[in-house]
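Numbering (UniProt numbering), first residue to last: 1 to 272.
Shown next, in the form of structure tokens:
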């Protein structure tokens, strides 16, 4: 039986392919929820949602396909769809980046994320650095202080600050504890609300509103079709049942006829 959790928080993982999104999701949940073996070609092709209980709190983690440096319409559509599907929306966006300076692809992806969700997306964002094992004992603060200006400005733009994960050590729950503390603070700053489609950029919001309006306008027709299909299915099942009963009746008649014939034959032996 699949466990059902009451979700207190919803997290949406964003970032480029190979950044470590799926591994970060596994580290948060404490079990291998998402496939992350890139060497076998098993990478996230569609949004996936997994739920669990982390430190006594129900959470849902949504993994997304890796973004590219240039605009990928299919990936963008898939990620935007996830926000609509997993309503009312994520409490936090986790922007996953490998430890180090921003690459050109990272900069393009950050611009793409802002274009998709609007500037308010950063009010709900925490930077999650992966490959923490590469720090080799160095303090992340020192690494960031000496990093390029693009990285420092990007971190400053994200209201939730940053954390670092070593996904190779999933047993180290202290890194998850630090993340949850930052999430709790950010959620409180945002009035315990979550990012909704109402915060989309105007053009994207119009498309979503139009889609929802079409669905609403056709709801009765869709429900009517469903009832019609259900009625046809029931009628078909009754017809099959009727045929089965007729077949059974024929079998009973044949059995009774055979019994009568057998009885007559037996009786004939005793007839003087």
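All residues carry an ideal CB built from backbone N, CA and C; glycine is no exception. Quick caveat: nothing in here was measured; it's all calculated off a predicted structure.
The Cβ-Cβ distance between residue 180 and residue 54 falls below 8 Å.
Contact check for residue 63 against residue 21 passes: the beta carbons are separated by less than 8 Å.
When DSSP states are grouped into helix, strand and coil, residue 114 belongs to the helix group.
For the pair residue 26 and residue 146, the Cα-to-Cα distance works out to about 30 Å.
The bridge partners DSSP lists for residue 9 are 59. In the DSSP assignment, residue 49 falls within the beta strand (DSSP E) that extends over 48 to 54.
With contacts defined by Cβ atoms closer than 8 Å, residue 50 and residue 24 do not form a contacting pair. When only Cα atoms are considered, residue 74 and residue 81 end up about 10 Å apart. Taking the C-beta atoms as reference points, residue 86 is found nearer than 8 Å to residue 10. Secondary structure at residue 34: coil, using DSSP grouped into helix, strand and coil. Contact annotation, residue 18 with residue 66: C-beta distance approximately 7 Å; criterion of less than 8 Å satisfied.
In this structure, residue 29 and residue 61 form a Cβ contact; the two beta carbons are roughly 6 Å apart against a cut-off of 8 Å. Nearest in C-alpha terms to residue 115, of all of 183, 79, 36, is 79.
When rounded, the separation of the alpha-carbon atoms in residue 183 and residue 103 is 26 Å.
Sequence-distant partners of residue 151 (beyond 5 residues in either direction) whose C-beta falls short of 6 Å from its own C-beta, in its chain, are 101, 102. With distances taken between CA atoms, residue 113 lies nearest to 154 out of 148, 154, 194, 99. Ranked by Cα distance from residue 165, the first of 178, 158, 156, 159 is 178.
The residues 16, 67, in chain order, have a CB closer than 6 Å to that of residue 109 in the same chain once the five nearest residues on each side in sequence are set aside.
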